[in-house]
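Asks: Numbering (our numbering), first residue to last: 71 to 453. Just so you know, even glycine gets a beta-carbon here, dropped at the ideal spot from N, CA and C. Can you read through this structure? Questions will come right after.
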Amino acid sequence: MTEILPRSAVLTGGLVAATLVLSACGAGSDGATNADGESAATAVTAKDFGGMDALVKAAQKEGTLHAIALPRDWANYGALLDGFEKKYGIKVEVENPDGASQDEINAVTSRKGQDRAPDVLDLGSSFAYSAAQKDLLARYRVADYVDIPDGQKDSLSRWYNGYGGYISIGCDANRVRTCPTSFKDLLKPEYKGQVALNGDPTKSGSAFGTVFAAALANGGSFDYVQPGLDFFAKLKKNGNYTPVQSTSATIKKGQTPIVLDWDYLNAKYADEFKSKGLDWQVAVPEDGKFSQYYSQAINKDAPHPAAARLWQEYLYSAEGQNLWLKGYARPALMTSMEKKGTLDKTAAAKLPKVSGTPTTPTESQMDYAKEDIAQGWGKAVSR
Numbered sequence: 071m072t073e074i075l076p077r078s079a080v081l082t083g084g085l086v087a088a089t090l091v092l093s094a095c096g097a098g099s100d101g102a103t104n105a106d107g108e109s110a111a112t113a114v115t116a117k118d119f120g121g122m123d124a125l126v127k128a129a130q131k132e133g134t135l136h137a138i139a140l141p142r143d144w145a146n147y148g149a150l151l152d153g154f155e156k157k158y159g160i161k162v163e164v165e166n167p168d169g170a171s172q173d174e175i176n177a178v179t180s181r182k183g184q185d186r187a188p189d190v191l192d193l194g195s196s197f198a199y200s201a202a203q204k205d206l207l208a209r210y211r212v213a214d215y216v217d218i219p220d221g222q223k224d225s226l227s228r229w230y231n232g233y234g235g236y237i238s239i240g241c242d243a244n245r246v247r248t249c250p251t252s253f254k255d256l257l258k259p260e261y262k263g264q265v266a267l268n269g270d271p272t273k274s275g276s277a278f279g280t281v282f283a284a285a286l287a288n289g290g291s292f293d294y295v296q297p298g299l300d301f302f303a304k305l306k307k308n309g310n311y312t313p314v315q316s317t318s319a320t321i322k323k324g325q326t327p328i329v330l331d332w333d334y335l336n337a338k339y340a341d342e343f344k345s346k347g348l349d350w351q352v353a354v355p356e357d358g359k360f361s362q363y364y365s366q367a368i369n370k371d372a373p374h375p376a377a378a379r380l381w382q383e384y385l386y387s388a389e390g391q392n393l394w395l396k397g398y399a400r401p402a403l404m405t406s407m408e409k410k411g412t413l414d415k416t417a418a419a420k421l422p423k424v425s426g427t428p429t430t431p432t433e434s435q436m437d438y439a440k441e442d443i444a445q446g447w448g449k450a451v452s453r
């Protein structure tokens, strides 16, 4: 779906944080069974629970869904949250909308067994892998699970990709004479103090992806991320890197005129700022083309297990996937929907242009890269 914030520190305007209900008993326990007394918490498919009608009924009886780190301006989550509430009459409570993937995992582990624990998670891929390895996620297969591309889903269905994009360079053309379009460009002296990230790559999915992209642009690979760390060390040494975390506010103030972030976030900025007279240009660097998705998952100990499963079904319906697409994010079921004729072609045509076929790291490659970045980032930017 940044830094100390992972996904969203970038988008502060219009974010609405709802306070979690702090009731002492499990709110979901009464409604999480079907007519036969079977628990939603153990259902691996809607069919296991008696079908979608039974799942909807149980979720509506629970009445609430606890989410975390879902900013309304991130990949069109505002429309998704509103759409789910309107469709099913279930209240979605979003805690810490600007939180990072690691914050989500911390909330799951620290609140195990508590009603205020998050039901569902939106995680950078490397964090989804880690959560699955720690046995924090429930097994569940949405109706169109089979159509999610291989390599973008866990074989045990504990997580699967929902939406994603490419690392891109956003630039304020009103303040920057010539906007950079490659990682090589970013090293030019004319960009002194102007290049920012959306967070800390040890905690933020977008910043993590940026280091990976920098590695690919400088002789690295999915197996060798060190050149990405070396790139940022050089960027810091020559004064071009700024530690200011980019947000809508920092861009408007001119503090972060060049931002490395997902293309769907930079594209959203271009729309947002146009009416304010700010010319925000977006380019996907050909020398560091890196694509990654955010993964969806259910807390194994979700206090509202039926609502959690219904939320997943909604996200992977044509309605949910097209709402992500309208937020410039590339939905995981995009190819399948195009074949079925359910894809919003108008929204798809507005996506930033990218050449070639995207490839993504394997689970083991992500694990090694995460470890290398965790160990090397502080040293790289403190030089």
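Spatial neighbours of N104 within its chain, please: C-beta separation below 7 angstroms, excluding the five flanking residues on both sides.
Replies: The residues are F119, G120, A124, A128.
Asks: List, from N- to C-terminal side, the alpha helix (DSSP H) runs of 4 residues or more that fit wholly inside the stretch 356-426.
Replies: Fully enclosed alpha helix (DSSP H) runs of 4 or longer: 375-385, 388-396, 404-410, 415-419.
Asks: Ignore the nearest five residues each way along the sequence and tell me which others in Q222's own chain have a CB closer than 7 angstroms to its CB.
Replies: Closer than 7 angstroms at the Cβ level, and outside the excluded window around Q222, lie Y230, N231, Y363, A402.
Asks: What is the C-beta distance between G240 and N392, in whole angstroms, given that I count them as a contact (C-beta under 8 angstroms)?
Replies: Not really, about 24 angstroms apart at Cβ, beyond 8 angstroms.
Asks: Would you please state the rounded distance, in angstroms, between the beta carbons of A378 and Y233? I believe it to be under 8 angstroms.
Replies: A378 to Y233, Cβ: 18 angstroms. No contact.
Asks: Relative to the C-alpha of A111, which candidate in P167, K370, L413, E408 has its C-alpha closest?
Replies: Here the closest residue by C-alpha is K370.
Asks: Taking 8 angstroms as the threshold (C-beta atoms), are A439 and F282 in contact?
Replies: Yes; because the gap between Cβ atoms is below 8 angstroms, this pair is in contact.
Asks: So the alpha helix (DSSP H) D341 belongs to, where does it begin and stop?
Replies: D341 -> alpha helix (DSSP H) spans 333-344.
Asks: Can you list the beta strand (DSSP E) stretches of 3 or more residues lying completely in the stretch 194-273, in chain order?
Replies: Whole beta strand (DSSP E) segments, 3+ residues: 229-242, 265-267.
Asks: Report the option in S196, D185, V190 whose CA atom is closest to the CA atom of L140.
Replies: Selected option, being the one with the closest Cα: V190.
Asks: Closest by CA to E174, which one among E132, G290, G194, L299?
Replies: Nearest of E132, G290, G194, L299 to E174, Cα basis: G194.
Asks: Spatial neighbours of G251 within its chain, please: C-beta separation below 7 angstroms, excluding the five flanking residues on both sides.
Replies: It is Thr, not Gly, that sits at residue 251 in the sequence shown. Once the five neighbours on either side are set aside, the close Cβ partners of T251 are I239, A353, P355.
Asks: List the endpoints of the continuous alpha helix (DSSP H) containing T134.
Replies: From DSSP, T134 is part of no alpha helix (DSSP H) but of the beta strand (DSSP E) over 134-138.
Asks: Rounded to the nearest angstrom, what separates E163 and W394 at their Cα positions?
Replies: Roughly 19 angstroms separates the two Cα atoms.
Asks: Cβ atoms of V246 and I328: under 8 angstroms apart, would you say?
Replies: Yes, the Cβ-Cβ distance between I328 and V246 is below 8 angstroms.
Asks: Measuring straight from C-alpha to C-alpha, what distance separates L135 and K262?
Replies: Each residue's alpha carbon lies about 45 angstroms from the other.
Asks: Can A287 and G235 be called in contact, C-beta distance under 8 angstroms?
Replies: Result no, Cβ atoms of A287 and G235 do not sit closer than 8 angstroms.
Asks: Could you check where the beta strand (DSSP E) with A174 kicks off and where it finishes?
Replies: The amino acid occupying residue 174 in the given sequence is Glu; Ala does not appear at that position. No beta strand (DSSP E) holds E174; the alpha helix (DSSP H) holding it covers 171-180.
Asks: So, for G446: in the same chain, excluding its five sequence neighbours on each side, which residues have a beta-carbon less than 8 angstroms away from its beta-carbon?
Replies: Excluding sequence neighbours, G446 sits near Q296, L299.
Asks: Within the same chain, show all residues whose beta-carbon is closer than 7 angstroms to that of A444, passing over the 5 residues directly before and after it, in chain order.
Replies: Here the set comprises T272.
Asks: Given this structure, state the Cα-to-Cα distance separating Y215 from A198, to the nearest angstrom.
Replies: If you take the alpha carbons of Y215 and A198, they lie about 17 angstroms apart.
Asks: Excluding sequence positions up to five away, which residues of its chain have a Cβ less than 7 angstroms from the Cβ of A145?
Replies: Result list for A145: M71, Y233, Y334, W394, G397, A399, in chain order.
Asks: For A137 and A376, what's the separation of their Cα atoms in angstroms?
Replies: One C-alpha to the other measures close to 14 angstroms.
Asks: Between which two residues does the beta strand (DSSP E) carrying Q325 extend?
Replies: From DSSP, Q325 is part of no beta strand (DSSP E); its letter is neither H nor E.
Asks: State buried or exposed for A94, treating a residue as buried only when at least 16 other CB atoms are found within 10 Å of its CB.
Replies: Since pLDDT at A94 reaches only 33, below the 50 mark, its modelled position is unreliable, and no value is offered.
Asks: For F292, which residues from the same chain have a beta carbon less than 6 angstroms from its beta carbon, with the 5 sequence-adjacent residues on both sides left out?
Replies: Hits under 6 angstroms: P431, Q435.
Asks: To the nearest angstrom, report how far apart L413 and N308 are at their CA atoms.
Replies: C-alpha separation (whole angstroms): 45 angstroms.
Asks: With C-beta atoms as the reference, is P313 less than 8 angstroms away from D185?
Replies: No, the Cβ-Cβ distance between P313 and D185 is not below 8 angstroms.
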